[in-house]
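As numbered in the working numbering, the first sequence has no gaps in its residue numbers, which increase by one up to the final residue, 1802. Cβ coordinates follow ideal geometry from the N, Cα and C atoms, glycine included. The structure under discussion appears below in the form of structure tokens.
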Amino acid sequence: MSFQAPRGMRDFYPEDMAFRTRLFDVWTATARAHGFAQYDAPIVEHLDLLTRKAGEEIIEQIYAFQDKSGRKLALRPEVTPSLVRLVAARRSRIVMPAKWFTIAQCFRYERMSKGRKREHFQWNLDIIGSDSIIADLEVLATAADALRTLGLTPQDANIHVGNRNLVGEMLHAIGVPDQQQLDVLMVLDKRGKVSDEVLVEMLTEAGVAAHVSPQIMKIFDVRDLEDAAALVPADSPAIRELRTLFDLADRAGVGPFLRFDIAVVRGLAYYTGIVFEAFDTRRRFRAILGGGRYDRLFESLGEPPLPAVGFGFGDVVIKEVLDKTGVDQSPGKDVDVCVGVFDHAHWPEALAVAGALRADGLHVDLALGAVGPNKLFKYADRRNASRVVFVAPEELKSDCVVLRDMTTGSQAAVPIPDITAAIRKQPPD
RNA sequence: GUGAGUGUAGCUCAGUUGGUCAGAGCGCUAGGUUGUGGUCCUAGAAGUCGGGGGUUCGAGUCCCCUCACUCACCCCA
């Protein structure tokens, strides 16, 4: 056997699965705690739905294929188009605003690099049908809660919050035509990846006049909302929105995780207002999560307008961050009790004991191949079982089995009918 | 698609100018200890040196091709 998982696809061994399950649990519990309901959609989607949102170019970057009837399909590269499809189909029946989340496996055909596989799981969480800043805040607070529950602190990671409308107002004040702003935003998103000189070149290519570029670059000098306010009209809606958002974040208890960052604009065309990305504070990794407000997506897909805000949070980068941050990820024990025998003849009694313990809700493993004291205890040790119950000839004569505490090494003979109670009396740590 | 780096035991890796270079640690198996695990000691199993071709008396080592993995770019989740 020389096969390995196809390029970019991942195997999940038990230890990997332990993390994945824990992560999914946190995502699910956090979403529920904030009143979001779970949905799902097929991994295979209509190619047309995906291209209508992302453009024909995306075909080169996804697993696209035809089924045996010639239907053009694709493995979903993201779940937002499906979300729009689901909401649009039952629009009149869904209670708005809809607060929905999903954990979706998504695929993308591209070269792999750090933090990027060809397949990943992404927690998507959205509020559809509300244009209130409270909705933005609720989404951000949920994201921050998830980071906190995973063991990260504001010293480890922050959610950088920007506002496209704010940059838009600034560009407008400088004199950049509105129809040019999106191109300029896309260039500004490259900040940090390329040098400022290259950035200016890209601005020129985007049609920005030479004397305007330096003014655009000065936008990056903005450090806080006060700096920003100085560059836009006093009655700026974008500033007012951000101030409200940060005030509310403090009241919601997630303020320390949030920070204003003028440079966050996101590389996607459809965002319309608040945008955000979470990074580890040392900026050693890609964005942990990213999202924002996308009030025009529905209409761009041919639906009546519907405001929305949400984010995507993948499983790959967060794993890297948690590993590097040294957050305690020790998983719970797989096994509470290991049951074994000193002699093959005693499996009937051992199975009866194991059955009783399982009926009581304990996680019980049988030391199938490890018969005899040496092998049994060594096996139990490696399985990380805190208790061992074994059937031994001497004790069995008086209808007892032996309960051993693997942490202390102490053990005692216990009448078989009392074994469950004996374990319950001294629950493992 | 472009560029760079790395492929030697299950894992992490060493291997000098081509000539006992098929190795170490960890892990695994067995024994010391057939009624007692973790520590310790001893022994053992295990590798077509990623694959193919070439140069050479001789290739893990040099050359070519290829595959895989990693990183960066591109693109974005």
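Whole-angstrom C-beta distance between V1708 and L1730, which should lie under 8 Å: For the purposes of this step, residue 1730 is identified with residue 357 of the first sequence, where counting begins at 1. For the purposes of this step, residue 1708 is identified with residue 335 of the first sequence, where counting begins at 1. About 11 Å; that fails the 8 Å criterion.
Contact under 9 Å by Cβ, S1771 with P1788: For the purposes of this step, residue 1771 is taken as residue 398 along the first sequence, with counting starting at 1. For the purposes of this step, residue 1788 is taken as residue 415 along the first sequence, with counting starting at 1. Yes, these two residues count as a Cβ contact at 9 Å.
DSSP three-state assignment for D1671, whether helix, strand or coil: As a position in the first sequence, residue 1671 is number 298, starting the count at 1. For the sequence presented, residue 1671 should be read as Phe rather than Asp. The answer is helix: DSSP assigns F1671 an H, G or I state.
Assigned secondary structure, G1664 (DSSP; H/G/I helix, E/B strand, else coil): Mapped onto the first sequence, residue 1664 falls at position 291. Three-state result, G1664: strand.
Among T1780, P1790, D1696, the one whose alpha carbon lies nearest that of F1392: Residue 1392 sits at position 19 when you count from the first residue of the first sequence. With distances taken between Cα atoms, F1392 lies closest to D1696.
N-terminal and C-terminal residue of the beta strand (DSSP E) that D1716 is part of: For the purposes of this step, residue 1716 is identified with residue 343 of the first sequence, where counting begins at 1. Looking at the DSSP string, D1716 is not in any beta strand (DSSP E), and its letter there is neither H nor E.
Proximity below 9 Å, CB of K1487 to CB of F1658: For the purposes of this step, residue 1487 is identified with residue 114 of the first sequence, where counting begins at 1. For the purposes of this step, residue 1658 is identified with residue 285 of the first sequence, where counting begins at 1. Result yes, Cβ atoms of K1487 and F1658 sit closer than 9 Å.
DSSP state of D1707 mapped onto helix, strand, coil: On the first sequence, residue 1707 is found 334 positions in, with the first residue counted as 1. In the three-state reduction of the DSSP assignment, D1707 falls in the coil class.
Segment contact flag, the region 1565-1578 with the region 1530-1544, C-beta cutoff 8 Å, min 3 pairs: no
Expected contact under 8 Å - CB spacing of G1808 and G1664 to nearest Å: There is no way to answer for residue 1808, as the model of the chain reaches only from 1374 to 1802.
Beta-ladder partner(s) of F1658, from DSSP: As a first step, residue 1658 must be located in the first sequence, where it is residue number 285. According to DSSP, residue pairing for F1658 in a beta bridge does not occur.
For V1694, the first and last residue of its enclosing alpha helix (DSSP H): Working through the first sequence from its first residue, we reach residue 1694 at position 321. That run of the alpha helix (DSSP H) goes 1688-1698.
Coil, strand or helix - A1727 by DSSP: On the first sequence, residue 1727 is found 354 positions in, with the first residue counted as 1. Helix.
Assigned secondary structure, E1418 (DSSP; H/G/I helix, E/B strand, else coil): For the purposes of this step, residue 1418 is identified with residue 45 of the first sequence, where counting begins at 1. In this structure, E1418 counts as strand in the three-state DSSP scheme.
Proximity to G1651 [Cα-Cα], best of Y1643, I1796, T1645, V1638: Stepping through the first sequence from its first residue, residue 1651 is reached at position 278. Position check: residue 1651 holds Ala in this sequence, whereas Gly was assumed. Of Y1643, I1796, T1645, V1638, the residue nearest in Cα terms is V1638.
CA-to-CA distance, R1760 to L1510, given in whole angstroms: Indexing the first sequence from 1 puts residue 1510 at position 137. Indexing the first sequence from 1 puts residue 1760 at position 387. Each residue's Cα considered, the two are about 47 Å apart.
Segment contact flag, the region 1514-1528 with the region 1386-1406, C-beta cutoff 8 Å, min 3 pairs: yes
Exposed unless 16 or more other CB atoms sit within 10 angstroms - verdict on Q1495: Here residue 1495 refers to the residue found at position 122 when the first sequence is read from its first residue. Under this definition Q1495 is a buried residue.
Coarse secondary structure for F1480, derived from DSSP in three states: The residue given as residue 1480 occupies position 107 in the first sequence. In this structure, F1480 counts as strand in the three-state DSSP scheme.
C-beta atoms of F1409 and L1498 nearer than 9 Å: Position 36 of the first sequence, counting from 1, holds the residue named residue 1409. Position 125 of the first sequence, counting from 1, holds the residue named residue 1498. It is a contact, given that the beta carbons lie within the stated cut-off.
Through-space distance from E1433 to R1380, alpha-carbon basis: Stepping through the first sequence from its first residue, residue 1380 is reached at position 7. Stepping through the first sequence from its first residue, residue 1433 is reached at position 60. One C-alpha to the other measures close to 17 Å.
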